[in-house]
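Worksheet: the structure to be examined is printed underneath.
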Amino acid sequence: MKKQIIAAAVATSVSAIAMADISISGNANYEYFAKEDTAGFKTNYGDTEVNLFVKGKTGDTTVVANFEIDEAGTAAADTGIDVEDLYIQSKIGDIDVKAGDFASGTTALGGEIDNGSRAVNKVSLSTKVGPATVGYHVSESGGVYNTDGAAITASMNIAGVDVSIKEQSDSYTLMGAKGSIAGVNYRIENWDSDTAASDVLFYEVGTKAGGLNLSYAAIDADAASLVTEDDSSIFAQEMASSGAGKAGVDGVNQITVSTDVDGTTLTLKAGELTGIATKQDAAFYQIAAKRKLASGATINVSYDDYETHDITTGSTMTDTQVFEIDLSVAF
């Protein structure tokens, strides 16, 4: 009898799980680094990270909880579970609602300029007005919603060009456009700050020639420390580090060439961080090979060589070389 009760309970639980619209996905990676520089410094170390994405859905409402489980060293402060995103998406009539803790990505408008830091109890409302999508976004700061810092957005496609604008009162106006002309893809975004001499321009153009993918990307800032994005999806070396701008860097430019050889993607990135008037430009390049393995994992091997930024004019620059092996899997 006990076995029958247990079997019935298990069957009921399995049935409930089967009917619930819940999904769990994620990814994981292990990275090994070997680093040395011309000043004689040498080290090697590793990093392990697992990300879990939990999504529940009922009708037009979706609940999302994303977790990062990280081990980056031996100290207790280096390990832990970070709740990266926690939000609800739903609809109220014709209005799309997204509310909770979440951040924007590097492909979003201004994503290569601003780090899109995770906002707490952020509310985003958007709807269609004719061919345009308009939105209102406000987040909590210090336990209070600051409506003076709210942003208004609008986007639409005009003759094949995706045009976007974001206005944050008394702070900045961000405008962007992306599209394709005669096989050349482009993305351009301008951060027009309300503060004098604080504007930032980002642009990227790319095309395909034969079996090669070619692109050129650049950021030009009026001054150093204006770019806070520190996890770029484009640049091998960034203008920002740990959320703070590099003191003597006011720009970056890079050429990227990639091709596929028998299932292995080979990529070369070469460019420089441009220094302010009293600092030298710092050149860099990266060579990488990425391949999907039969096991389902992906291996990425890269070699970076870069000059140290923030070196005053006339001073000797230090070269740093980093060899990295990244084994990753998505599930």
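The C-terminal residue of the sequence shown carries number 457 in our numbering, and the numbering is unbroken. Think of the CB as a built atom: it goes at the ideal place given N, C-alpha and C, for glycine as much as any other residue. The structure displayed is predicted, hence computed values, not measured ones.
Asked                                                                                                                                                                                     : Found
Please tell me whether L392 has its Cβ less than 8 Å away from any Cβ of chain B.                                                                                                         : In the displayed structure, chain B is absent; only one protein chain is listed.
Let's see if you can read the secondary structure: which residues bound the beta strand (DSSP E) around H263?                                                                             : 258-267
Identify, in the order they occur along the chain, each residue of the same chain with its Cβ nearer than 6 Å to the Cβ of K418, setting aside the five sequence neighbours on each side. : T424
What are the boundary residues of the beta strand (DSSP E) that includes A280?                                                                                                            : 277-284
Using only CA atoms, which one of Y156, A303, E433, N192 lies nearest to E105?                                                                                                            : This structure gives no information on residue 105, because the portion of the chain shown stretches from 127 to 457.
Could you pull out every unbroken beta strand (DSSP E) segment of at least 3 residues lying fully inside the region 162-237, listed in chain order?                                       : 168-184, 187-197, 205-218, 221-228
How would you call V387, buried or exposed, if buried means at least 16 neighbouring beta carbons within 10 angstroms?                                                                    : exposed
Taking V310 and V331 to be in contact with their CB atoms under 8 Å, please state how far apart those CB atoms are, rounded to whole angstroms.                                           : 6 Å
Is T299 helix, strand or coil by DSSP?                                                                                                                                                    : strand
Would S216 and D186 be called neighbours here (beta carbons separated by less than 8 Å)?                                                                                                  : yes
Mind checking whether E315 and D240 have CB atoms under 8 Å apart?                                                                                                                        : no
From the DSSP output, in three-state form, read off D325 for me.                                                                                                                          : coil
Out of G440, L392, L394, S384, which has the shortest C-alpha to C-alpha gap to A408?                                                                                                     : G440
Would you kindly work out how many angstroms separate the C-alpha atoms of G374 and S151, rounded to a whole number?                                                                      : 41 Å
Hey, could you find the ends of the beta strand (DSSP E) D417 is sitting in?                                                                                                              : Correcting the residue identity first, residue 417 is Arg in this sequence and not Asp. Per DSSP, R417 belongs to the beta strand (DSSP E) from 408-418.
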